[in-house]
Amino acid sequence: MKRRRVIYEGKAKILYEGTEPGTVIQYFKDDATAGNGAKKDTIEGKGVLNNRISEYLMTQLAGIGVPTHFVRRLNMREQLIKEVEIIPLEVVVRNVAAGSMSKRLGIEEGTALPRSIIEYYYKNDSLNDPWVSEEHITAFGWASPQDLDDMVNLTIRVNDFLSGLFLGAGIKLVDFKLEFGRLWENDYMRIVLADEISPDNCRLWDVNSNEKLDKDRFRRDMGGVVEAYSEVAKRLGIMPESVQGENKGPVLVK
Ligand code: TMP
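Using numbering that gives the first Met the number 0, read the sequence shown as starting at 0 and increasing by one per residue.
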């Protein structure tokens, strides 16, 4: 039997060679890191939940015409995705002040922003993913002005749609991070949404109590990480099969 090839191992996911040309298998680990790997732990069941939540959100977005890398979920921890050339940027959208914006600009967490704000970070672990501007992005060729324009347009659509979707589930979409890739089809290239959308890369607060239902529970040692992610899945109506109808939290599947 041939062992499948690892293409890349990141902090929370592993990418394996796909089953068909032009595809990749994205495996969701239970590992969690914060502060660029300074804080590390394993949170049993997180990968299963993120796989399901990301599948659901990517599928909903595809339904409104947002192109994504997602093909289909394969099992509890894996999904088949299209092979793309990842653009080395993290695109962060903020609707409410929190996290690094609150720290950097001295704005109290929870303050509604006058409008949604998009920020860019250069994906580079050894530099701690520094904040960069459109000028840096185009000058250094990380993305062309056209790529950037496509990314911004998609980001605005994603934010509008997901804000409404989460609000319908009693959740405030405070901020989130997106990644994009270049998908080549014959001689044509288009920008598609890549990576994952899950409580690992969104800030999600209960709309009434502002209770945190996202990775800040891990970053800030608040506990109840899996319970919070399960709550998000439950409210979206997508609890994994193994935990449906139970209140015990997800069952570990290796
Ligand atoms: P920040 O407030 O720490 O800049 O984070 C903004 C949003 O982006 C938050 O929802 C978490 C997400 N994010 C990631 O997914 N990966 C990262 O490396 C960083 C810095 C933030």
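Yeah, the Cβ is synthetic: ideal placement off N, Cα and C, and Gly gets one too.
When you compare only the Cα positions, how much space is there between residue i and residue j?
{"i": "R72", "j": "E134", "result": "37 Å"}
{"i": "K10", "j": "I42", "result": "13 Å"}
{"i": "I196", "j": "V23", "result": "17 Å"}
{"i": "K176", "j": "P20", "result": "28 Å"}
{"i": "I170", "j": "A193", "result": "23 Å"}
{"i": "E254", "j": "V157", "result": "Any property of residue 254 remains undetermined from this structure, which presents the chain solely from 0 to 253."}
{"i": "N211", "j": "G109", "result": "Residue identity differs from the one stated: residue 211 is Lys in this sequence, not Asn. When rounded, the distance between both Cα atoms is 11 Å."}
Let's test the definition: count the other Cβ atoms within 10 Å of the Cβ of residue i and tell me whether it reaches 16, buried, or not, exposed.
{"i": "E16", "result": "exposed"}
{"i": "S132", "result": "exposed"}
{"i": "K38", "result": "exposed"}
{"i": "K102", "result": "exposed"}
{"i": "L166", "result": "exposed"}
{"i": "D159", "result": "exposed"}
{"i": "R219", "result": "exposed"}
The alpha helix (DSSP H) with residue i in it runs from where to where?
{"i": "V47", "result": "K45 to G62"}
{"i": "G263", "result": "Residue 263 lies beyond the stretch modelled for the chain, which goes from 0 to 253, so this question has no answer here."}
{"i": "V134", "result": "This sequence places Glu at residue 134; Val is not what is there. Segment E133 to A138, the alpha helix (DSSP H) holding E134."}
{"i": "T154", "result": "P144 to G167"}
{"i": "D199", "result": "Here D199 belongs to no alpha helix (DSSP H), and DSSP marks it neither H nor E."}
What residues in its chain sit with their C-beta under 7 Å from that of residue i, if we drop five residues either side in the sequence?
{"i": "I13", "result": "V5, Y26 and K28"}
{"i": "Q59", "result": "L164"}
Taking the beta strand (DSSP E) that residue i falls in, what are its first and last residues?
{"i": "D40", "result": "K38 to T41"}
{"i": "V224", "result": "Where V224 is concerned, there is no enclosing beta strand (DSSP E), although the alpha helix (DSSP H) it sits in stretches over V224 to R234."}
Using a Cβ-Cβ cut-off of 8 Å (strictly less than) and excluding sequence neighbours within five positions of residue i, which residues of its own chain qualify?
{"i": "R216", "result": "G222, G223, V224 and A227"}
{"i": "I63", "result": "R156 and F160"}
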